[in-house]
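From first to last, the protein sequence lines are chains A and B.
The first sequence lines up with residues 5 to 560 when you count with this note's numbering.
The second sequence lines up with residues 5 to 560 when you count with this note's numbering.
Using N, Cα and C, we set each Cβ at its ideal position, and we do this for glycine too.
Below is one structure; the comments refer to it alone.
Protein chains: 2
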Amino acid sequence: MSRRVQLYDTTLRDGSQGEGVTFSVQDKLLITQRLDEAGFDFIEGGFPLSNPKDAEYFQRVRDLDLKHATVCAFGLTRRKNTAAEDDVTLKALVDAGTPAVTVVGKTWDLHVNEIMRIDRAENLAMIADSVAFLKAEGKRVIYDAEHFFDGYRANPDFALETLRAAADAGAEIVVLCDTNGGSLPDFVARAVHAAREAIRCPVGIHCHNDSDLATANTLAAVQAGAIQVQGTINGIGERCGNADLIAAAANLALKLDFDVLLPAQDGAGGVQHLTELSRFVYETANLALRRGQPFVGSSAFAHKGGMHVHAVNRLASSYEHIDPAKVGNERRILVSELSGRSNIVAAATKLKIDADDALMRTVLAKVVELEHAGYQFEAAEASFELLVKKCAGTFQSHFNRDHYRVNIESGQETRVAGEEPVTEASIKLRIPMPDGSEEVRHEVAEGDGPINALDAALRKALLPVYPQLAEVTLTDYKVRVINPTEGTAAKVRVMIESHGSGPGEPADWSTVGVSENVVEASWLALCDSIEYALARTAAPEATAEESVQPPVPSPS
Amino acid sequence: MSRRVQLYDTTLRDGSQGEGVTFSVQDKLLITQRLDEAGFDFIEGGFPLSNPKDAEYFQRVRDLDLKHATVCAFGLTRRKNTAAEDDVTLKALVDAGTPAVTVVGKTWDLHVNEIMRIDRAENLAMIADSVAFLKAEGKRVIYDAEHFFDGYRANPDFALETLRAAADAGAEIVVLCDTNGGSLPDFVARAVHAAREAIRCPVGIHCHNDSDLATANTLAAVQAGAIQVQGTINGIGERCGNADLIAAAANLALKLDFDVLLPAQDGAGGVQHLTELSRFVYETANLALRRGQPFVGSSAFAHKGGMHVHAVNRLASSYEHIDPAKVGNERRILVSELSGRSNIVAAATKLKIDADDALMRTVLAKVVELEHAGYQFEAAEASFELLVKKCAGTFQSHFNRDHYRVNIESGQETRVAGEEPVTEASIKLRIPMPDGSEEVRHEVAEGDGPINALDAALRKALLPVYPQLAEVTLTDYKVRVINPTEGTAAKVRVMIESHGSGPGEPADWSTVGVSENVVEASWLALCDSIEYALARTAAPEATAEESVQPPVPSPS
Numbered sequence: 005m006s007r008r009v010q011l012y013d014t015t016l017r018d019g020s021q022g023e024g025v026t027f028s029v030q031d032k033l034l035i036t037q038r039l040d041e042a043g044f045d046f047i048e049g050g051f052p053l054s055n056p057k058d059a060e061y062f063q064r065v066r067d068l069d070l071k072h073a074t075v076c077a078f079g080l081t082r083r084k085n086t087a088a089e090d091d092v093t094l095k096a097l098v099d100a101g102t103p104a105v106t107v108v109g110k111t112w113d114l115h116v117n118e119i120m121r122i123d124r125a126e127n128l129a130m131i132a133d134s135v136a137f138l139k140a141e142g143k144r145v146i147y148d149a150e151h152f153f154d155g156y157r158a159n160p161d162f163a164l165e166t167l168r169a170a171a172d173a174g175a176e177i178v179v180l181c182d183t184n185g186g187s188l189p190d191f192v193a194r195a196v197h198a199a200r201e202a203i204r205c206p207v208g209i210h211c212h213n214d215s216d217l218a219t220a221n222t223l224a225a226v227q228a229g230a231i232q233v234q235g236t237i238n239g240i241g242e243r244c245g246n247a248d249l250i251a252a253a254a255n256l257a258l259k260l261d262f263d264v265l266l267p268a269q270d271g272a273g274g275v276q277h278l279t280e281l282s283r284f285v286y287e288t289a290n291l292a293l294r295r296g297q298p299f300v301g302s303s304a305f306a307h308k309g310g311m312h313v314h315a316v317n318r319l320a321s322s323y324e325h326i327d328p329a330k331v332g333n334e335r336r337i338l339v340s341e342l343s344g345r346s347n348i349v350a351a352a353t354k355l356k357i358d359a360d361d362a363l364m365r366t367v368l369a370k371v372v373e374l375e376h377a378g379y380q381f382e383a384a385e386a387s388f389e390l391l392v393k394k395c396a397g398t399f400q401s402h403f404n405r406d407h408y409r410v411n412i413e414s415g416q417e418t419r420v421a422g423e424e425p426v427t428e429a430s431i432k433l434r435i436p437m438p439d440g441s442e443e444v445r446h447e448v449a450e451g452d453g454p455i456n457a458l459d460a461a462l463r464k465a466l467l468p469v470y471p472q473l474a475e476v477t478l479t480d481y482k483v484r485v486i487n488p489t490e491g492t493a494a495k496v497r498v499m500i501e502s503h504g505s506g507p508g509e510p511a512d513w514s515t516v517g518v519s520e521n522v523v524e525a526s527w528l529a530l531c532d533s534i535e536y537a538l539a540r541t542a543a544p545e546a547t548a549e550e551s552v553q554p555p556v557p558s559p560s
Numbered sequence: 005m006s007r008r009v010q011l012y013d014t015t016l017r018d019g020s021q022g023e024g025v026t027f028s029v030q031d032k033l034l035i036t037q038r039l040d041e042a043g044f045d046f047i048e049g050g051f052p053l054s055n056p057k058d059a060e061y062f063q064r065v066r067d068l069d070l071k072h073a074t075v076c077a078f079g080l081t082r083r084k085n086t087a088a089e090d091d092v093t094l095k096a097l098v099d100a101g102t103p104a105v106t107v108v109g110k111t112w113d114l115h116v117n118e119i120m121r122i123d124r125a126e127n128l129a130m131i132a133d134s135v136a137f138l139k140a141e142g143k144r145v146i147y148d149a150e151h152f153f154d155g156y157r158a159n160p161d162f163a164l165e166t167l168r169a170a171a172d173a174g175a176e177i178v179v180l181c182d183t184n185g186g187s188l189p190d191f192v193a194r195a196v197h198a199a200r201e202a203i204r205c206p207v208g209i210h211c212h213n214d215s216d217l218a219t220a221n222t223l224a225a226v227q228a229g230a231i232q233v234q235g236t237i238n239g240i241g242e243r244c245g246n247a248d249l250i251a252a253a254a255n256l257a258l259k260l261d262f263d264v265l266l267p268a269q270d271g272a273g274g275v276q277h278l279t280e281l282s283r284f285v286y287e288t289a290n291l292a293l294r295r296g297q298p299f300v301g302s303s304a305f306a307h308k309g310g311m312h313v314h315a316v317n318r319l320a321s322s323y324e325h326i327d328p329a330k331v332g333n334e335r336r337i338l339v340s341e342l343s344g345r346s347n348i349v350a351a352a353t354k355l356k357i358d359a360d361d362a363l364m365r366t367v368l369a370k371v372v373e374l375e376h377a378g379y380q381f382e383a384a385e386a387s388f389e390l391l392v393k394k395c396a397g398t399f400q401s402h403f404n405r406d407h408y409r410v411n412i413e414s415g416q417e418t419r420v421a422g423e424e425p426v427t428e429a430s431i432k433l434r435i436p437m438p439d440g441s442e443e444v445r446h447e448v449a450e451g452d453g454p455i456n457a458l459d460a461a462l463r464k465a466l467l468p469v470y471p472q473l474a475e476v477t478l479t480d481y482k483v484r485v486i487n488p489t490e491g492t493a494a495k496v497r498v499m500i501e502s503h504g505s506g507p508g509e510p511a512d513w514s515t516v517g518v519s520e521n522v523v524e525a526s527w528l529a530l531c532d533s534i535e536y537a538l539a540r541t542a543a544p545e546a547t548a549e550e551s552v553q554p555p556v557p558s559p560s
C-alpha cells in the first residue's frame, strides 16, 4: 500500500463559505501559488458559475507557473430532467479550463426524496451522466458524495449505489463527505471500508467540524484506506468549518508516518512550512489568528507554569508532543510571576543580551514589581523586550511626552446606542535629534474615542520625524480590569497588538500598559508599541554601545 | 454498565494556565455557581499553595450553597525524600477544606529519570504516601496520572505500576492524562483498556488538544470504559487548550447516549444550557467567543449558502447534525441571536408585564438591532429588563442628561507605572420632580480615570435627590473590544456589575453599554445600573399604570 496521501485544498471554495471570509481574485491567486509551493496535490479554485470573480480566477490561474498542484473547478451534477450537454453548470465547468473538475451529487435518500423531490433512478442518472460527460470532455473527474455518511446511515444500499454510478461512469476518485459534520470516527471508518468494497476507484474524505471531530474523522478515514483528504487551511469554512488541512497534514506526516506535501526533508515529512502557510492564509483572508490552534498557533508551544518551564528547559519533549520546528513553529516561554527564573533566562537569551546574574536579578525584581502592579508580560513580548533592554541599560527613547490632554464632550442623550460624544486629544512631544537638540511637536486630533484620538494625535506628531510609522497598524486592542472589586476606580490593563508591514519582514507584536486611568494605560501600551516599531526598523540592530546615542530620525 | 459519565471541570485551575486567562476570586465563585447549576460533578477550584487568590477562593467557596458539585483542591504528590505529613503542598490541600482533593503524580519514566532524577521506587512511594495521607485525613482522593499515555507508550509496566500505587493507597478514581496532547484515539482506547485491567478503581480521562484530537480522544476513552471526563469550558487552557467539556458533553449526550450533567429533560440529555454556559465563561474570562466553536458558537448553525438555506427551510436536518435547541443554540436564519423567546417571557413575567405577541415582536426586533450593534444581554439581565420595560412603554427615566464633559490631562512622564494624569468630569442633569417640574443639577468631580470621574459626578448630582443610591456600589467593570481589527477605533462593550445592599434584599445586577467611545459606553451601562437600582428600591414595584408618573424623589 502506498503511504502517499493526496491533500486537496478547498480553502478558496468551501472555505470562502465561512462567515466573514471573502477573497479577492488576487488573494485567491496568491494562495494558489503558496499551496502549490507547499506541495498540495489539488487546489479547488471556485465554483465558476456562482460568480464572475471565480470565472476571472480560472482565467488568470492559467498564467501561474504551478509546479505540482492540479487546479480544480467545482460544480454540481446536471439539473434534473436536463441533458448533461445542455446543463449550464457542467458547461461552465468545462469552460473553466482546468485539467480536473469536481462535481458533487446527492447520496442521502432524504435529500433525494424530500429536498430534490426526484426519483432515485433520476438521481443516479444525474450522477452518471455528469461524470461521463465531463470525462468525455477530457477532464479528470473527482466525484464528491455529499452527505455520504448520513446517507449510508439512513440507507446504505442506496448510498453505495450512488457511489457506483460515479465510479462506473469514470470518476478517478469518489470523495466521501461528512457534510453536516455529525459523524463519529468509528462510524466513519466502517463506512469508508464499505465504500471501498463497493466501488473500484479509490476513495477520499471530506469532513466538517460540527462535532469537533473533523481531524479525528479524517485520520480514521485515511487509516481505513482513503487516499485523498479534502479540507481547508486553518479549517475555515461554513458553520464550524471544514477539516483543517494543517492539523490533518501534521498528524498524517508526524504521527502516522504518511507521505504528504513535498518529499520529506530532514525527517520533517514535508510539513515544515505549515506555520508560515497558516499565517499567510489568515493574513490574506484578514482573519484573526487562533492563538491556540494545534501545531501552528502562537500558543501551541508556549509554556507558562514554572514547573513546566523548568522541565522543558531540561528536556523539551517532556511537555511537547512534537518538536515545534518540524512544523515551522517555535517554543515560547511565557513570562509570569508564577514561573520563576527559567522564563527570564529563555527570553533574555533570545534577545542576545548577556543574562548575567545582576541583570537576572534586576529583571526579575522589575517583573515581580510590575506584575504586582497589574502588568502581564506573557502575551506582551514586545513590552518585555523593552523592559529587559531598560534593565540592561540599552534602551533609548525616541520621543518624550511634555503632556497630553483628552477632552470628551457629550450632547444631550436619550440613552440609545449611536450617539457619540465629541472627542479631541492634543499632545506635546519632545523628540531627541541626532545633533543633540530637541524638536518640539504639538498636535491635536479627533477620534472615535479617547484612545483613538490620542493615537491619532501621537501619530500626527511623530510621522514627520519617523515616516516608517506609516507602516505600523494597530490590529487589536484589549482592556481588562485588574482588581474589579473597586468598581470604576479599578486599575485597567490595556493590551495592544500591532502589525508592521515594512521595512523588513512583516511582524506582529504585543505591548501592555497598566494604570487606574484607561487613557494612561493605553498611552503606555501605545508608546511601547511605537518604540518597539522604531527599534525594529533601525538597521542594523543597535548594540548596547551604539544605542546610547539618540537614534537618527528620518528627514521630515 | 452505568451510562453516567462524570464531568470534572478544571476551567478554574488548568484553564487559567491559558495565555491571557486570569480570573478574579469573584469570577471563580461565579463560575463555580454556574457549573453547579448546570450539574457538573466536580469543580477543581485551584492550586491552594500556588497563590493567595486560590487560598481565598477555597475560603469563600464554602459559603456557596452548591446543590450537586463537589469542589476539589488540586496539588502535587509529596516532594521527594519528605514525609507526606511534613509536605507543605499536601498540608495546603488538607487546609483548603474541600471534600475531595486531586493530586497529580508522575507516570512516565522519562520524567522520573530525567526531570525529577529520583529512583522509581521513590516515585511509587511519593504517589502511595500522598494518596494514603490525604485519605487518612478524610478526603476523597482523585489521582491524576500525568503523562499516562506517553508513559504507557514508553514503559507500560512502570506506567501501570504507578496507577496501582495510587489505587491501592485508596484513590477513588485514577485519571489518565494525555498531558502533552500528542496521542491518537485508537492508542488512547488501547491504553485505557490496559489501565482498567491493571487497577481495581475506575478510570477517568484528561486530554489536551495539541493534535486537534482532544474531543476524539475523550470519546474514545469513555467508549473504552472511562467514567470521568476532565476538561474545561470552551477548551481554554495552556498551549492548544484542554478537552472542551462543551463538545465532550454534547457528543456524549447526543451522539453516544451517555447520561451527563442534570437529568435529561425533554430528550435533551441535560445539555440544553451549554450555549449559555459557554458564553458566560467567555464573558467572565473576558475572552473573545469562537464563532465557529462546535455546538455553541454563533456560527455553529448559521447557513450562508443559498442552497443550504433553501434545504434547511424545507427540512432542518438536511444541513444540521443536531437540533441546535438541544444545546441551547439557535439556527442563524431565525429572527434573533438571543437564546430564545423564553428569556423575554421570563423577564416580562418578573416585571408583571403581559408578554403578548406584539411585545414579543417588538422586543425581539430591538434585541436583534442592538445585538447587531454589539450589545449582549446574556450577562446583563438588568439592562435586558429595562429594555423590556422600554418596549412595553412602562419605563420612566429618573434623570436626563443635558451633557457631560470629561477632561484628562497628563504631566510629563518617564513611562513608568504610577504616574496618573488628572481627570475631571462635569455633568449637568435634569431630574423630573413629582410636581412636573425639573430640577437641574450641575456637578463636577475628580476620579482615578474618566469612568471613575464620571461615576463620581453622576452620583454627586443624583444623591441629594435619590439618597438610596448611597447603598449601591459598583463591584465589577469590564471592557471588551467588539470588532478588534479596527484597532483603537473599534467599538467597545462595557459590562458593569453592581451591588445594592438596601433597602430590601441585597442584590447584584449587571448592565451593558456599547459605543465607539469607552466613556460613552460606560455612561450607558452606568445609567442602566442606576435606573435599575432606583426602580428596584421603589416600593411597591411600579405597575405599568403607576410608572407613567414621574417617580417620587426622596427629599434632598
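Inset, instruction - Indicate whether the contact test is met: 3 or more Cβ pairs, each with one atom in the segment 156 to 163 of chain B and one in the segment 187 to 202 of chain B, closer than 8 Å. - result: yes
Legend entry - Interface partners of GLY185 (chain B) on chain A, CB under 7 Å: HIS325
Legend entry - Interfacial residues, the segment 201 to 233 of chain B to chain A, with Cβ spacing under 9 Å: HIS212, ASN213, ASP214, SER215, ASP216, LEU217, ALA218, THR219, ALA220, ASN221, LEU223, ALA224, GLN227
Legend entry - For ASP31 (chain A), the nearest candidate out of A:PRO471, A:PHE46, A:LYS57 (CA to CA): A:LYS57
Legend entry - Of the listed residues B:LYS482, B:CYS76, B:ALA537, nearest to SER526 (chain B) (C-alpha basis): B:LYS482
Inset, instruction - At 8 Å on the CB atoms, spell out the chain A contacts of LEU319 (chain B), in chain order. - result: Taking a Cβ-Cβ threshold of 8 Å, the residues of chain A close to LEU319 (chain B) are LEU114, GLU118, ILE119, in chain order.
Inset, instruction - Decide if GLN416 (chain A) is buried, meaning its Cβ has at least 16 other Cβ atoms within 10 Å, or exposed. - result: exposed
Legend entry - Residue-chain proximity (ALA421 (chain B), chain A), Cβ-Cβ < 7 Å: Residue placement at ALA421 (chain B) is poorly supported in this model, since its pLDDT is 47, which falls under 50; the coordinates still yield a value, given next. Yes, its Cβ sits closer than 7 Å to a Cβ of chain A.
Inset, instruction - With 7 Å as the threshold, decide whether the Cβ of ASN127 (chain A) is near any Cβ in chain B. - result: no
Legend entry - Nearest neighbour of ALA429 (chain A), chosen from A:GLY186, A:ASN456, A:ARG405, A:ILE435 [CA to CA]: A:ASN456
Inset, instruction - Would you identify the three-state DSSP class for GLY517 (chain B), choosing helix, strand or coil? - result: strand
Inset, instruction - Step through the CB atoms of chain B and report whether any lies within less than 7 Å of the CB of GLU450 (chain A). - result: no
Legend entry - Alpha carbon of LEU342 (chain B) to alpha carbon of CYS205 (chain B), nearest angstrom: Because the pLDDT of LEU342 (chain B) is 36, which lies under 50, any placement of that residue in the model is unreliable, and the question is left without a value.
Legend entry - Contact set between ALA158 (chain A) and chain B, taken where Cβ atoms lie within less than 8 Å: Near ALA158 (chain A) there are no residues of chain B at all, since even the closest Cβ is about 10 Å away, more than 8 Å.
Inset, instruction - Spell out whether any CB of chain B is found under 7 Å from the CB atom of ASN333 (chain A). - result: no
Legend entry - Residue-chain proximity (VAL410 (chain B), chain A), Cβ-Cβ < 7 Å: Answer yes: the Cβ-Cβ gap between VAL410 (chain B) and chain A drops below 7 Å somewhere.
Inset, instruction - Taking VAL110 (chain B) as the reference, give the member of B:ALA104, B:LEU97, B:GLY101, B:ARG124 with the closest Cα. - result: Note that residue 110 (chain B) is Lys in the sequence shown, not Val. When each option's Cα is compared against that of LYS110 (chain B), the closest is B:ARG124.
Inset, instruction - At 3 residues or longer, and completely inside the segment 374 to 448 of chain B: list those beta strand (DSSP E) runs for me, N to C. - result: 404 to 413, 426 to 436
Inset, instruction - Under the assumption that THR515 (chain A) contacts ILE500 (chain A) (Cβ atoms under 8 Å), give the Cβ distance between them as a whole number of angstroms. - result: 5 Å
Inset, instruction - Output yes or no for whether 7 Å exceeds the beta carbon distance between LEU11 (chain A) and VAL233 (chain A). - result: yes
Legend entry - ASN521 (chain A) vs PRO425 (chain B) beta-carbon contact at 7 Å: Going by C-beta atoms, ASN521 (chain A) is nearer than 7 Å to PRO425 (chain B).
Inset, instruction - Determine the DSSP secondary structure at LEU528 (chain B), reduced to helix, strand or coil. - result: helix
Inset, instruction - From the DSSP output, in three-state form, read off GLY79 (chain B) for me. - result: In this structure, GLY79 (chain B) counts as strand in the three-state DSSP scheme.
Inset, instruction - Reducing DSSP to helix, strand and coil, say where VAL371 (chain B) ends up. - result: helix
Legend entry - Cut-off 7 Å between Cβ atoms - residues of its own chain near ALA465 (chain A), not counting five sequence neighbours on either side: ILE431, LEU433, ARG445, GLU447
Inset, instruction - Find the residues of chain A that neighbour THR427 (chain B), judging by a C-beta separation of less than 7 Å, and give them in chain order. - result: Those are ASN521, listed as they occur along chain A.
Legend entry - Given 8 Å, three or more beta-carbon pairs between the segment 176 to 189 of chain A and the segment 315 to 332 of chain B: With a cut-off of 8 Å, the segment 315 to 332 of chain B and the segment 176 to 189 of chain A count as touching, because enough Cβ pairs lie within range.
Legend entry - C-alpha distance - ILE177 (chain A) paired with PHE153 (chain A), whole-angstrom precision: 17 Å
Inset, instruction - Starting from the beta carbon of HIS277 (chain B), find every residue of chain A whose beta carbon is closer than 7 Å, and list them in chain order. - result: By Cβ distance, chain A contributes nothing, its closest Cβ being about 18 Å from HIS277 (chain B), past 7 Å.
Inset, instruction - Measure from the C-beta of GLU443 (chain A) to each C-beta in chain B and report whether the shortest distance is under 7 Å. - result: no
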